[in-house]
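Everything in the sequence shown is counted per my numbering, starting at 20 for the first residue and increasing by one.
Glycine residues also receive a C-beta, built at the ideal position from the N, C-alpha and C atoms.
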Amino acid sequence: MIKDYETLIIGAGVIGNSIAYHLSERSREKILVLDKKFPLSGTSGSTQAWVWVHNKNPSWYAEFSMYSAELYPYLSKKIGDVEYKRTGGLSPFFNEADREKAEKLAEAYREIGIKIKVLTRAEVLEKEPHLNPAVAGATFSKIDGNVNPFRLVDMFMRAAKKQGVEYSYYTSVTGVEKKNDYYIVKSTKGIYRCKNLLLAGGTWSREIGKMLGINIPINQLRGQILVTEPLKPFLNYTISGMRQANNGEVLIGYSMEQAGFNRATTLDVIQETANLAQHYVPAIRKAKIVRAFSGIRAMPEDGFPILGKIPGYDNLYLAATHSGVTLAPLIGTLMTELLVEGETSIPIDRYSISRFS
Ligand SMILES: Cc1cc2nc3c(=O)[nH]c(=O)nc-3n(C[C@H](O)[C@H](O)[C@H](O)COP(=O)(O)OP(=O)(O)OC[C@H]3O[C@@H](n4cnc5c(N)ncnc54)[C@H](O)[C@@H]3O)c2cc1C
Numbered sequence: 020m021i022k023d024y025e026t027l028i029i030g031a032g033v034i035g036n037s038i039a040y041h042l043s044e045r046s047r048e049k050i051l052v053l054d055k056k057f058p059l060s061g062t063s064g065s066t067q068a069w070v071w072v073h074n075k076n077p078s079w080y081a082e083f084s085m086y087s088a089e090l091y092p093y094l095s096k097k098i099g100d101v102e103y104k105r106t107g108g109l110s111p112f113f114n115e116a117d118r119e120k121a122e123k124l125a126e127a128y129r130e131i132g133i134k135i136k137v138l139t140r141a142e143v144l145e146k147e148p149h150l151n152p153a154v155a156g157a158t159f160s161k162i163d164g165n166v167n168p169f170r171l172v173d174m175f176m177r178a179a180k181k182q183g184v185e186y187s188y189y190t191s192v193t194g195v196e197k198k199n200d201y202y203i204v205k206s207t208k209g210i211y212r213c214k215n216l217l218l219a220g221g222t223w224s225r226e227i228g229k230m231l232g233i234n235i236p237i238n239q240l241r242g243q244i245l246v247t248e249p250l251k252p253f254l255n256y257t258i259s260g261m262r263q264a265n266n267g268e269v270l271i272g273y274s275m276e277q278a279g280f281n282r283a284t285t286l287d288v289i290q291e292t293a294n295l296a297q298h299y300v301p302a303i304r305k306a307k308i309v310r311a312f313s314g315i316r317a318m319p320e321d322g323f324p325i326l327g328k329i330p331g332y333d334n335l336y337l338a339a340t341h342s343g344v345t346l347a348p349l350i351g352t353l354m355t356e357l358l359v360e361g362e363t364s365i366p367i368d369r370y371s372i373s374r375f376s
């Protein structure tokens with residue numbers, strides 16, 4: 020038996036869920052979200068979850084990230100506490116020669132309304148006393164912070180379900196066909212028919228695209244994260260590679276490795292990560308590491324989000340990106356506008372997949 024939906028979303032990560040939630044606020048039509056595993060089984064369950072704006076380049080991408088960060092306080096009011104903390108973000112530098120680069124960044128950001136302060140050594144150490152005293156300075160922005168990705172996805176889903184969204188887990192999409200005005204989506208649990216099809220398969224987007232004969236240029240980039248035992252609050256800000264969660268654990272991660280879909284953690288990267296952490300914050304050497312995990316980034320070939328309609332296909336949409344935690348509220352809002360109104364309040368043309376052709 021074929022089940023009918025107005026909109027079917029492939030992927031129940033933070034992106035698919037943000038779109039499902041925002042769309043269900045605006046549309047009473049039937050929406051189904053499918054996932055081959057479960058909602059946090061992909062990258063959204065293995066992330067640092069910074070909501071990060073500062074030092075995104077070029078400045079138009081920082082501006083896009085800023086709009087999303089600005090939506091977070093409002094989102095928490097609507098769907099519930101997602102443990103969003105606007106801690107402020109510090110990017111330390113250890114060489115006086117980097118000050119000039121930092122000043123240039125601050126100037127470029129000033130033009131788009133993002134305030135970046137370039138701090139002296141004394142100012143950085145006053146803000147973050149546990150940083151390595153060899154620090155030369157830092158860029159600082161108030162808008163940066165972090166969120167609990169588990170609560171974020173959970174709260175999106177609860178709110179979406181209340182608004183009528185249906186979910187099917189352990190339902191792997193195995194084929195997609197266009198028939199007249201509909202997409203026929205074949206899965207391991209049955210066949211679905213929908214008018215709008217939205218691809219939010221994260222790092223698996225290339226594989227999903229192949230089912231439709233579309234090249235979606237998303238690659239894999241592994242990152243490994245160390246987690247300390249819960250420590251008394253001692254980090255005031257989100258700093259390069261490090262953040263202290265509400266429960267006191269410090270999450271540390273710097274690595275970017277080409278390892279395909281292999282989610283192993285490896286001793287060499289764990290050691291490198293621990294060494295870097297001690298370089299930034301010497302006091303961390305006393306902490307016990309209780310866990311290491313890895314995640315696979317969904318990395319577009321040019322690093323920027325791929326969003327919008329897929330040209331040449333009616334009612335086929337794509338949202339695949341790195342920094343998806345930062346961008347989720349904005350992407351959910353804009354993709355909803357596109358589906359409901361046919362246009363977005365902020366132009367997203369530069370993020371179209373057509374830039375690769
Ligand atoms: C180590 C690391 C650190 C990161 N740090 C940050 C950070 O600090 N800030 C930030 O903003 N971002 C960060 N990211 C990136 C961010 O986590 C991701 O961009 C985001 O989670 C992507 O969400 P998604 O919904 O697109 O993908 P996912 O969460 O992977 O969801 C995609 C879903 O699609 C499903 N799926 C795939 N194929 C199929 C199929 N055929 N049928 C059915 N379902 C399918 C999968 O099972 C999966 O659940 C980090 C990532 C990593 C790995």
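Proximity to residue i [Cα-Cα], best of the options
i: Pro-111; options: Pro-77, Asn-151 and Lys-96; result: Asn-151
i: Leu-240; options: Leu-353, Arg-282, Pro-249 and Thr-247; result: Arg-282
i: Ile-367; options: Ile-329, Met-318 and Ala-296; result: Ile-329
i: His-149; options: Gly-279, Ala-302, Gly-164 and Asp-321; result: Ala-302
i: Gly-209; options: Tyr-188, Glu-147, Trp-69 and Ala-141; result: Tyr-188
i: Glu-147; options: Tyr-299, Leu-250 and Glu-360; result: Tyr-299
i: Ile-308; options: Pro-319, Glu-276, Ala-347 and Glu-268; result: Glu-268
i: Val-33; options: Leu-27, Pro-58 and Lys-49; result: Pro-58
i: Thr-106; options: Leu-171, Arg-177, Tyr-202 and Gly-164; result: Gly-164
i: Tyr-186; options: Val-195, Gly-61 and Met-176; result: Met-176
i: Thr-139; options: Met-174, Ile-133, Asp-117 and Ala-127; result: Asp-117
i: Asn-255; options: Ile-372, Lys-161 and Ile-131; result: Lys-161
i: Asn-36; options: Asn-265, Ser-206, Lys-180 and Gly-228; result: Lys-180
i: Glu-115; options: Val-137, Ala-127 and Gly-132; result: Val-137
Test item: CB-CB of residue i and residue j under 7 Å
i: Leu-109; j: Phe-159; result: yes
i: Lys-22; j: Tyr-211; result: yes
i: Ala-157; j: Val-143; result: yes
i: Val-192; j: Ile-29; result: yes
i: Leu-349; j: Ser-63; result: no
i: Gly-260; j: Gly-272; result: yes
i: Trp-69; j: Thr-190; result: no
i: Leu-216; j: Tyr-202; result: yes
i: Thr-18; j: Gly-314; result: This structure cannot speak to residue 18, because the chain is shown only from 20 to 376.
i: Thr-222; j: Ala-317; result: yes
i: Gly-351; j: Ile-38; result: yes
i: Val-101; j: Leu-53; result: no
i: Met-174; j: Gly-99; result: yes
i: Val-195; j: Leu-250; result: no
i: Glu-82; j: Ile-131; result: yes
Outcome for residue i when other beta-carbon atoms lying within 10 angstroms are tallied against a minimum of 16
i: Lys-56; result: exposed
i: Gly-242; result: buried
i: Gly-331; result: exposed
i: Trp-79; result: exposed
i: Pro-168; result: buried
i: Tyr-24; result: buried
i: Ser-84; result: buried
i: Met-20; result: exposed
i: Ala-141; result: exposed
i: Leu-346; result: buried
i: Gln-263; result: buried
i: Leu-353; result: buried
i: Ser-224; result: buried
Where residue i falls: helix, strand or coil (DSSP)
i: Arg-262; result: strand
i: Glu-356; result: helix
i: Met-275; result: coil
i: Val-288; result: helix
i: Ala-31; result: coil
i: Trp-71; result: coil
i: Val-172; result: helix
i: Pro-111; result: strand
i: Lys-136; result: strand
i: Gly-187; result: First, the amino acid is wrong: residue 187 is Ser here, not Gly. Ser-187: strand per DSSP, three-state reduction.
i: Lys-49; result: coil
i: Lys-55; result: coil
i: Gln-239; result: strand
i: Ile-365; result: coil
i: Ala-153; result: coil
Residues near residue i by beta carbon distance below 6 Å, same chain, minus five either side
i: Thr-355; result: His-41, Leu-42 and Arg-45
i: Leu-324; result: For clarity, residue 324 is Pro in the given sequence; the question names Leu instead. Excluding sequence neighbours, Pro-324 sits near Thr-340 and Tyr-370.
i: Trp-71; result: Asp-163 and Thr-345
i: Arg-310; result: Val-246
7 Å CB neighbourhood of residue i in its chain, flanking five on each side removed
i: Arg-304; result: Gln-297
i: Thr-292; result: Gln-243, Leu-245, Ile-271, Gly-272, Tyr-273 and Ser-274
i: Ala-153; result: Phe-113
i: Leu-233; result: Here residue 233 is Ile; the residue named in the question, Leu, does not match the sequence. Taken in chain order, the residues that qualify are Ile-329.
Same chain, Cβ closer than 8 Å to residue i, five either side skipped, listed in chain order
i: Gly-183; result: Ser-43, Arg-47, Lys-49 and Ile-50
i: Glu-320; result: Pro-236, Ile-237, Asn-238 and Phe-375
i: Glu-359; result: A small fix is needed here, since residue 359 is Val in this sequence, not Glu. Hits under 8 Å: Leu-42, Arg-45 and Ser-46.
i: Leu-94; result: Val-101, Tyr-103 and Pro-348
Test: residue i CB closer than 7 Å to a CB of chain D
i: Asn-294; result: Considering every chain present, this structure includes no chain D. It has just one protein chain.
Proximity test, residue i beta-carbon vs ligand 2 heavy atom, cut-off 6 Å
i: Val-137; result: Ligand 2 is not part of the structure shown, which contains ligand 1 as its ligands.
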